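Peer 1: This is the structure I want to talk about, given as structure tokens.
Protein chains: 2
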Amino acid sequence: MLSELQQRYATPLDEFLRGVVSEIHPTELNLMQGYAFGWVDETGKAMRHMSGKRLRPYLLLLCCEAAGGNWQQAIPAAAAVELLHNFSLVHDDIQDQSIMRHNRPSVWARWDQAKAINVGDSLLGLAFHTLHALRESFSAETVLAVWHDLNVALRELTRGQHLDLQFENQPTVDEDEYRSMIEGKTAALFAASAKMGARLAHHPGYDRFAEYGRHLGLAFQIRDDILGIWGKRETTGKSAADDIRNQKKSLPNIRGMQREPEFARLFEGGKLSDAQVERARSLLNRCAARSYAEAVEEQFGNAAIQAISSLNMEPVAGGWLKELPAQLLGRTI
Amino acid sequence: MLSELQQRYATPLDEFLRGVVSEIHPTELNLMQGYAFGWVDETGKAMRHMSGKRLRPYLLLLCCEAAGGNWQQAIPAAAAVELLHNFSLVHDDIQDQSIMRHNRPSVWARWDQAKAINVGDSLLGLAFHTLHALRESFSAETVLAVWHDLNVALRELTRGQHLDLQFENQPTVDEDEYRSMIEGKTAALFAASAKMGARLAHHPGYDRFAEYGRHLGLAFQIRDDILGIWGKRETTGKSAADDIRNQKKSLPNIRGMQREPEFARLFEGGKLSDAQVERARSLLNRCAARSYAEAVEEQFGNAAIQAISSLNMEPVAGGWLKELPAQLLGRTI
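Chains A and B are the protein sequences, given in the same order. Taking the numbering used here, the leading residue of the first sequence gets -12, the next gets one more, and so forth. Taking the numbering used here, the leading residue of the second sequence gets -12, the next gets one more, and so forth.
Here's what the structure looks like:
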């Protein structure tokens, strides 16, 4: 189904995005944005396969359709959520000092930190800029509401990001704190995407769509946490068990720290050796941290479907929306 | 006159800003924002004297008054331009690795780089958020237009910042390139401030106000360049001649590179010794780089006044607007 969404939305979205990015000057800033979007490789050559899953814009367009709207008119909003997402990735990689993203050097690693901070900032400016193009098809009132939705997501994102950075220096993190962090860092933009799509369809139940998106985002983040420990390098582009090595306060690791004192001790010390990483993983298996995380993920997925179950929706797109959580739960990348 | 503006606008602006910042969570993020605004010192204690000149918000409010508007209603927009300005300072200090700002450690130096990037991002989210409060007094159409003005400034700012960062690795920079850089990095937000103020007064000549603000910003930047070489540490909070030591492509230095081959050679090499800095300064004096920069500054100041000379304005505030360039040209801090 994801490939069906891609077939439907990818080309018009990509064309719109390339159009707005191509207006950017100077040339190097333009190139860096194209690189962040996966259009060119690190030598500036066109990439054959675009990187990035474009989940958030597809969610927005699908919600717009499901809510009975014209998805083509919503393309500028879809571009905006993808731009905001890419802004956050560019800054996130600097903040985490991650040198790889989508199997290529991250933007700051390819250029430098100073310019990469600025590229992130410029992507944010571009995100809000694209929203302005909605004015062609929508009232000032609607465009303003959609702009506010996106800005709420930005504010939530920075709140969540601050918590995430704080957690690094915090010996323990409980599940409530974790939940508050991912509400901001991940769920808010999913919620905004769904809400904006429904709003542009003038659907009165846009808050239900927001709830759908929020829970989908929460489930998505937990899937990410699971892949950060049990995923395969070939499919995720990250080393398996990276989140153990980096002692990340992800849901499975929080569970491990609560349930396995030896695991908690491993997380208190300095950087882990390969043997310690393996030991930590077997301790997570012993306390069934993975199936615990999968149960939480499933709850969120069900809550997403529940949020829109009583809504009046366009049947095909509405049906896809209800399938989406299961699709994302099963993902391996 | 600047102190009269301060007396008039400082308290209501500050109260509004403190209100919106106080809603921020978590606490540490809130503290970091308060620090960036100069409300608390690095230990978290309230500062007696607020740092930061608040020039851009005062410009916005004064333009609103001069254009016949109600400046109290424009406070959220004034807060927004100050928030955007502070976002750019926080990121700028990271990009330049400057450890001091307003005689205190810069945000990243006091906390860390990762959190400081995020504080900048969150100030940007807050800037757009405050604009939404304009909806109480203005139509959706007007709020959207003002939001777009601010976002144009953000986009210009990142364009200018990219150029500035590029210049560091460029052996020479000509005056056209320099001009393009400061149009983005400094003038755009001054232009937006003036334009937003006039727009909120429903003055049909808001583009003339924008031209006024743009030229005022250009003059302001050149004054900054002059102070970066001939300013006194006690008043600017920076070491005198910092811009020579850092081989910054500022207007006087560009003039020196063009006119004095020995100066150009000093700028080609590595970091300058104290003796070389002194030699460079005497070479700048020999080619009259300071009076050249002051002449350019004056031109911009006159162009600012010219831009609004034929407009219908409220006489007191309009008179102040016409005095403002001379006030800023004479500044020593």
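Ideal Cβ placement from N, Cα and C applies to all residues, glycine included. What you are looking at is a predicted structure, and each value in this text was computed from that prediction instead of being measured.
#1: So which residues of chain A does W134/B contact, with C-beta pairs closer than 7 angstroms?
#2: According to a CB-to-CB cut-off of less than 7 angstroms, which residues of the region 131 to 156 of chain A neighbour chain B?
#3: Determine, for I81/A, whether the minimum Cβ-Cβ distance to residues of chain B falls below 8 angstroms.
#4: Give a yes or no on whether the minimum CB-CB distance between E247/A and chain B is below 8 angstroms.
#5: Taking its Cβ as the centre, do 16 or more other Cβ atoms sit within 10 Å of R252/A, making it buried, or is it exposed?
#6: Please confirm whether K102/B has its beta-carbon closer than 8 angstroms to some beta-carbon of chain A.
#7: Residues of chain B with a CB under 9 angstroms from the CB of A96/A: which are they?
#8: Please compile the residues from chain A whose C-beta is within a distance smaller than 7 angstroms of the C-beta of F177/B.
#9: Find out if the Cβ-Cβ distance for the pair V68/B, R88/B is shorter than 8 angstroms.
#10: Determine the burial state of I169/A: buried for a count of at least 16 other Cβ atoms within 10 Å of its Cβ, exposed for fewer.
#11: Closer than 9 angstroms, Cβ to any Cβ of chain B: which residues of the region 202 to 217 of chain A, in chain order?
#12: Based on Cα-Cα distance, which residue from F287/A, A262/A, A267/A and N73/A lies nearest to Y199/A?
#13: Distance check for I81/B and Q256/B, CA to CA, integer angstroms please.
#14: Report the CB separation of H202/A from A291/A in whole angstroms; it is logged as a contact under 8 angstroms.
#15: Of all Cβ atoms in chain A, is any one closer than 8 angstroms to the Cβ of D108/B?
#16: When you compare only the Cα positions, how much space is there between E128/A and I241/B?
#17: What residues in its chain sit with their C-beta under 8 angstroms from that of A232/A, if we drop five residues either side in the sequence?
#18: For L110/B, tell me which candidate among S126/B, V77/B, Q84/B and A140/B has the shortest Cα-Cα distance.
#19: If you draw a straight line from the alpha carbon of F115/B to that of F254/B, how long is it in whole angstroms?
#20: Helix, strand or coil for R166/A, going by three-state DSSP, please let me know.
#21: For a contact defined as C-beta to C-beta under 9 angstroms, what are the partners of P158/B on chain A?
#22: If we cut at 8 angstroms on Cβ distances, does G112/A have a partner in chain B?
#23: Using a Cβ-Cβ cutoff of less than 8 angstroms, which residues in the same chain neighbour R273/A once the five nearest sequence positions on both sides are dropped?
#24: Buried or exposed for S278/B, going by 16 or more other Cβ atoms inside 10 Å?
#25: For E281/B, which option in L316/B, Q153/B, L271/B and L270/B has the closest C-alpha, if you only look at C-alpha atoms?
#26: Which parts of the region 76 to 143 of chain B are runs of the beta strand (DSSP E), unbroken and 3 residues or longer, counting only runs that do not cross its ends?
#27: Only counting the same chain, and skipping five residues up and downstream in sequence, which positions put a Cβ closer than 7 angstroms to that of A284/A?
#28: Would you kindly check if the distance between the Cβ of A101/A and the Cβ of A304/A is under 8 angstroms?
#29: I want to see whether chain A comes within less than 8 angstroms of E162/B, judged by CB atoms only; does it?
#30: Just to confirm my understanding: we take Q234/B, look at its own chain, exclude 5 residues before and 5 after, and list those with CB closer than 6 angstroms. What are they?
#31: What are the boundary residues of the alpha helix (DSSP H) that includes N289/A?
Peer 2: Let's see:
#1: Position 147 of the second sequence, counted from the start, is the residue given in the question as residue 134/B. For W134/B, the chain A residues whose C-beta falls within less than 7 angstroms of its own C-beta are W134, listed in chain order.
#2: Within the region 131 to 156 of chain A, the residues whose Cβ lies closer than 7 angstroms to some Cβ of chain B are L131, W134, H135, N138, L141, R142, T145, R146, Q148, H149, L150, L152 and Q153, listed in chain order.
#3: Residue 81/A sits at position 94 when you count from the first residue of the first sequence. For I81/A, the closest Cβ of chain B is nearer than 8 angstroms.
#4: Against the first sequence, residue 247/A aligns to sequence position 260. It does not: the Cβ of E247/A has no partner Cβ on chain B nearer than 8 angstroms.
#5: As a working note, residue 252/A is residue 265 in the first sequence. Exposed is the label assigned to R252/A, since fewer than 16 other Cβ atoms lie within 10 Å of its Cβ.
#6: Looking up residue 102/B in the second sequence gives position 115. Interface residue, yes.
#7: Here residue 96/A corresponds to residue number 109 of the first sequence, with the count starting at 1. For the C-beta of A96/A, not a single chain B residue is nearer than 9 angstroms; the gap to the nearest is close to 15 angstroms.
#8: Counting from 1 along the second sequence, the entry for residue 177/B is found at position 190. The premise fails here: F177/B is roughly 17 angstroms from chain A at the closest Cβ pair, so nothing lies under 7 angstroms.
#9: Residue numbering aside, residue 68/B sits at position 81 when the second sequence is read from its first letter. Residue numbering aside, residue 88/B sits at position 101 when the second sequence is read from its first letter. It is not a contact, given that the beta carbons lie outside the stated cut-off.
#10: Against the first sequence, residue 169/A aligns to sequence position 182. Per the 10 Å Cβ criterion, buried.
#11: Under the 9 angstroms Cβ criterion, the region 202 to 217 of chain A contributes no residue.
#12: Numbered from 1 along the first sequence, position 212 holds the residue referred to as residue 199/A. Nearest C-alpha to Y199/A: F287/A.
#13: Residue mapping note: residue 256/B aligns to position 269 of the second sequence, counting from 1. Residue mapping note: residue 81/B aligns to position 94 of the second sequence, counting from 1. Correcting the residue identity first, residue 256/B is Gly in this sequence and not Gln. Rounded to whole angstroms, G256/B to I81/B spans 24 angstroms at the Cα level.
#14: As a first step, residue 202/A must be located in the first sequence, where it is residue number 215. As a first step, residue 291/A must be located in the first sequence, where it is residue number 304. With a Cβ gap of about 4 angstroms, H202/A and A291/A count as contacting.
#15: Taking the first residue of the second sequence as position 1, residue 108/B is located at position 121. So, interface residue.
#16: Reading the first sequence from its first residue, position 141 is the one you call residue 128/A. Reading the second sequence from its first residue, position 254 is the one you call residue 241/B. Approximately 48 angstroms between the Cα atoms of the pair.
#17: For the purposes of this step, residue 232/A is taken as residue 245 along the first sequence, with counting starting at 1. Ala is not the amino acid found at residue 232/A; the sequence shown has Arg there. Contacts found: S226, K258, L259 and V264.
#18: Residue numbering aside, residue 110/B sits at position 123 when the second sequence is read from its first letter. Closest in alpha carbon position to L110/B, among S126/B, V77/B, Q84/B and A140/B, is V77/B.
#19: One-based indexing of the second sequence puts residue 115/B at position 128. One-based indexing of the second sequence puts residue 254/B at position 267. Cα-Cα distance, rounded: 41 angstroms.
#20: Numbered from its first residue, the first sequence carries residue 166/A at position 179. Looking at R166/A - three-state DSSP - the assignment turns out to be helix.
#21: The residue given as residue 158/B occupies position 171 in the second sequence. Those do not exist, as P158/B stays about 16 angstroms from chain A at its closest Cβ, beyond 9 angstroms.
#22: As a first step, residue 112/A must be located in the first sequence, where it is residue number 125. Chain B contact via Cβ: present.
#23: Looking up residue 273/A in the first sequence gives position 286. E247.
#24: As a first step, residue 278/B must be located in the second sequence, where it is residue number 291. Exposed, because fewer than 16 other Cβ atoms sit within 10 Å of the Cβ of S278/B.
#25: The sequence position of residue 281/B within the second sequence is 294, counting from 1. The option with the nearest alpha carbon to E281/B is L316/B.
#26: Qualifying beta strand (DSSP E) stretches: none in this window.
#27: By 1-based counting over the first sequence, the position of residue 284/A is 297. Rather than Ala, the amino acid found at residue 284/A in this sequence is Glu. Beyond the five residues adjoining it in sequence on each side, E284/A comes within less than 7 angstroms, by CB distance, of A206, I209, R210 and L316 in the same chain, given in chain order.
#28: What you label residue 304/A is simply residue 317 of the first sequence in a count that begins at 1. What you label residue 101/A is simply residue 114 of the first sequence in a count that begins at 1. Contact flag unset, no.
#29: Counting from one through the second sequence, the residue named residue 162/B turns up at place 175. For E162/B, the answer is no, since every Cβ of chain A falls outside 8 angstroms of its Cβ.
#30: What you label residue 234/B is simply residue 247 of the second sequence in a count that begins at 1. Excluding sequence positions up to five before and after Q234/B, its CB lies within less than 6 angstroms of the CB of F254, all in the same chain and listed in chain order.
#31: Taking the first sequence and counting its residues from 1, the one referred to as residue 289/A is at position 302. A276 to I295 is the extent of the alpha helix (DSSP H) around N289/A.
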